[in-house]
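There are 2 protein chains.
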Amino acid sequence: MNINQIAKLAGVSPAAVSRYLNDGYLSDEKRKAIAKVIDETGYIPSSQAQTLRTKKTKLIGVIIPKIDSDSISQVVAGIGEVLNNKGYKMLLANTDNHDEKEIEFINTFKQNIVDGIILLGTVLTPKHKKALKDLTMPYVVLGQQTDISACIYHDDYTAAYELADYIINKGHKNIGYIGVTENDIAVGVNRKQGFLDALEKHDIKPSKSLIKTGSFYMDSGYENAKALLSKNKKLDAILCATDTIALGAIKYLNENNIKIPDDIAIAGFGESKPSSILSPSLTTVHFYYRECGVEGATFLLNKITNPDIPDKAMKLGFEIIKNQSV
Amino acid sequence: MNINQIAKLAGVSPAAVSRYLNDGYLSDEKRKAIAKVIDETGYIPSSQAQTLRTKKTKLIGVIIPKIDSDSISQVVAGIGEVLNNKGYKMLLANTDNHDEKEIEFINTFKQNIVDGIILLGTVLTPKHKKALKDLTMPYVVLGQQTDISACIYHDDYTAAYELADYIINKGHKNIGYIGVTENDIAVGVNRKQGFLDALEKHDIKPSKSLIKTGSFYMDSGYENAKALLSKNKKLDAILCATDTIALGAIKYLNENNIKIPDDIAIAGFGESKPSSILSPSLTTVHFYYRECGVEGATFLLNKITNPDIPDKAMKLGFEIIKNQSV
DNA sequence: TTGTATGCGTTATCAG
DNA sequence: CTGATAACGCATACAA
Chain A
117 MNINQIAKLA GVSPAAVSRY LNDGYLSDEK RKAIAKVIDE TGYIPSSQAQ
167 TLRTKKTKLI GVIIPKIDSD SISQVVAGIG EVLNNKGYKM LLANTDNHDE
217 KEIEFINTFK QNIVDGIILL GTVLTPKHKK ALKDLTMPYV VLGQQTDISA
267 CIYHDDYTAA YELADYIINK GHKNIGYIGV TENDIAVGVN RKQGFLDALE
317 KHDIKPSKSL IKTGSFYMDS GYENAKALLS KNKKLDAILC ATDTIALGAI
367 KYLNENNIKI PDDIAIAGFG ESKPSSILSP SLTTVHFYYR ECGVEGATFL
417 LNKITNPDIP DKAMKLGFEI IKNQSV
Chain B
117 MNINQIAKLA GVSPAAVSRY LNDGYLSDEK RKAIAKVIDE TGYIPSSQAQ
167 TLRTKKTKLI GVIIPKIDSD SISQVVAGIG EVLNNKGYKM LLANTDNHDE
217 KEIEFINTFK QNIVDGIILL GTVLTPKHKK ALKDLTMPYV VLGQQTDISA
267 CIYHDDYTAA YELADYIINK GHKNIGYIGV TENDIAVGVN RKQGFLDALE
317 KHDIKPSKSL IKTGSFYMDS GYENAKALLS KNKKLDAILC ATDTIALGAI
367 KYLNENNIKI PDDIAIAGFG ESKPSSILSP SLTTVHFYYR ECGVEGATFL
417 LNKITNPDIP DKAMKLGFEI IKNQSV
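Heads up: the protein sequence lines correspond to chains A and B, in order. If you want our numbering, it's the 1-based position in the first sequence plus 116. If you want our numbering, it's the 1-based position in the second sequence plus 116.
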């Protein structure tokens, strides 16, 4: 069933049907005739042919580092909501934490198969920036601050600063930190710097043996908690760069009968689902993940319909969730 | 940049370039010339035009009830892995637990924008079945058993039976059950029936006040645990149809200083991430979610390239994770 | 092996 | 307001 057959059945020209579909000039009479035929036949225009003509695919490419993460799935949910409402669809590309795959996907999307790209950033290497700059379509980066494009990100620095401040004010002084690679500016650099600056404010000198770096997985929390405890007899708190890492640390503490928060206080970032169920519940930071997705998708769609709007950088707030683990 | 320009630059016909792209007859000489030009120009064929001709989009529609769920995101990860390796892309449609949206998406996908559909089923109403049957492209249902198409699902019944049996053998007799709507055959009916049959095997008569039904969210666990405890003074265990529900129940128990497993034992299904971190850790069932996604995607792609292969129903196994909560 | 010509299903242009 | 017609970029039947 194509536009010509519909036209014949309705006794009009294909062009008239096209106008009907795209709200062009059309007499009420023909409009009705076409509506009737389309209703009866259940005709649906071929989006490929439309795309071939209009260069619009109504598809948005969303590149994420992994799907089975509380925070990312929330961002994706926010994006999906907006896209659905506006008649767009989401092409989901999962890199499984392989940076190079991000570039691969960007280049794949470049073939005009999407109208725009949303990149949930972890690492933004020069290669990434080059790939993005070569893009002819609008794009937006979520979760990382960058000057090469519109971006929506979280106030990681202040969140870490205030959370560390809170821990210190609770009486802890020998605080260990389990972070992630500094290639990730948001999570690796900013959260750590917030932590360090809070220490400095309280005249606490951070010892090297208290600062650890690991992966984004639970294992890292487990192993680094072990390492921190073995080297620092006075350790009384651990701040982890993500809730997932904190969960790993908690696992180690539990297995070794170390009481939270009496022996060791612990806190994370991201307000993962388990945080409130654990006992003691986990002190953490709520970021506006879903909102990040909503804002990002909304901006991107605006940019697609109106390419002249200037890129913006939007910093979202946070909330310290003061639970029992500190 | 299109196929004609490449042809001109390489001094060949557009058809030759097309053959180069599709491994058709071509002399080595021309092959090299075309390769050179394509390499230099960075030419990428328009997938829309290809689709218009070939009717193949290399897109797979994946319909899911929600994205921020441990189990579902694992299935999606498995699907994504296979699709990537085979040069397909995933169009992700999130229904946010609205059944009607599933039908909407199925109908949207029907416009030939995808080569196949993967439906992560919750509820399969007659309307769903009709929408699926109207489909001209291959599709597969994951997580639910059905005779209308290929399906890959979990052995929910036996898992529930064995888990309940295990709980009973641990000495519990007054076991409450928090389930979900029976519209969901896999989770709502099969798990409950496994539970009931295990009771029967041990000559335990299930009292109505011990069987609850709620939503898939934590709230349901919290509220129904409260209800169970208020009506059943002898209650000594709670089996929840999902880990998420179990987490809600645990929250209620913790808040009311009810000791797990001494006062009340508790168990769930799905081996969610928190299950191992909780203390006591949660007894649960491991299902092969990622494998389910992998198998589903693999089968679908096979079916796309070879439409004649018969539909199959594949039942995946499970593993009881015996943790401390029972 | 190669090239020419045609059509996939739309939409934009233009003349009416 | 309407309709004929020419693209969009590619793959294939057919002729060579």
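For every residue, glycine included, the Cβ atom is placed at its ideal position computed from N, Cα and C.
Cβ contact annotation for residue 292/A (same chain, cutoff 6 Å, sequence separation greater than five): 326, 344, 351, 354, in chain order. Of all residues in the stretch 235 to 260 of chain A, none places a beta-carbon less than 7 Å from a beta-carbon of chain B. Any Cβ of chain B closer than 9 Å to the Cβ of residue 303/A would place that residue at the interface, and such an atom is absent. Counting only runs that start and end inside the stretch 146 to 194 of chain B, the alpha helix (DSSP H) elements of at least 4 residues fall at 163 to 170. Residue range 334 to 347 is occupied by the alpha helix (DSSP H) that includes residue 337/A. The count of Cβ pairs closer than 8 Å, one atom from the stretch 141 to 154 of chain B and one from the stretch 303 to 320 of chain B, stays below three, leaving the stretches out of contact. In this structure the stretch 383 to 398 of chain B does not lie against the stretch 169 to 179 of chain B, because fewer than three pairs of beta carbons, one per stretch, are closer than 8 Å. The beta carbon of residue 208/B lies closer than 8 Å to those of 178, 180, 183, 192 in the same chain, with the five residues before and after it left out.
For the stretch 356 to 382 of chain B, the set of positions with a beta-carbon nearer than 7 Å to some beta-carbon of chain A reads 363, 366, 367, 370 in chain order. Under DSSP, residue 205/B shares a beta bridge with 175/B. Counting only runs that start and end inside the stretch 244 to 284 of chain A, there is no alpha helix (DSSP H) element of at least 4 residues.
Among the CB atoms of chain A, none fall inside 9 Å of the CB of residue 118/B. Boundaries of the beta strand (DSSP E) harbouring residue 327/A: 327 to 330, taken from the DSSP string. The C-beta distance from residue 310/B to residue 273/B rounds to 4 Å, short enough to meet the 8 Å contact threshold. Remark: C-beta atoms of residue 361/B and residue 402/B do not approach each other more closely than 9 Å. Look at residue 433/A here: in three-state DSSP terms it is coil, with no helix or strand label. Using a CB distance cut-off of 9 Å, residue 185/A counts as an interface residue toward chain B. Looking at the DSSP output, residue 402/A sits in a beta bridge with 435/A. Where residue 132/B is concerned, there is no enclosing beta strand (DSSP E), although the alpha helix (DSSP H) around it starts and stops at 130 to 137. By the CB criterion at 9 Å, residue 386/A and residue 404/A fall outside the cutoff.
The contact set of residue 160/A on chain B, defined by CB atoms closer than 8 Å, consists of 226, 227 in chain order.
Per DSSP, reduced to three states, the secondary structure at residue 141/B is coil, with no helix or strand assignment. From the beta-carbon of residue 395/A, the residues of chain B found nearer than 7 Å are 370.
With contacts defined as CB atoms closer than 9 Å, residue 137/B and residue 254/B fail to qualify as a contacting pair. Per the coordinates, the alpha-carbon of residue 334/B lies some 28 Å from the alpha-carbon of residue 196/B. Here residue 337/B is near residue 363/B, since their CB atoms are less than 9 Å apart. At a beta-carbon threshold of 9 Å, the residues of chain B lying near residue 196/A are 183, 208, 209, 210, 212, ordered along the chain. Interface residue (Cβ-Cβ distance to chain A less than 9 Å): residue 400/B is not classified as such. Along the stretch 210 to 248 of chain B, the alpha helix (DSSP H) occurs as fully enclosed runs of 4 or more residues at 215 to 225, listed in sequence order. If you check the CB distance, residue 212/A and residue 241/A do not come in under 9 Å.
Taking CB atoms only, residue 190/A has a neighbour in chain B less than 9 Å away. In this structure residue 269/B is buried. Its beta-carbon is surrounded by 16 or more other beta-carbon atoms within 10 angstroms. Membership of residue 314/B in the alpha helix (DSSP H) is indicated by the continuous run 307 to 317. Between residue 294/A and the set 308/A, 244/A, 356/A, the nearest pair of CA atoms involves 356/A. Residue 356/B is bridged by DSSP to 294/B.
The C-beta distance from residue 142/B to residue 132/B rounds to 6 Å, short enough to fall under 8 Å.
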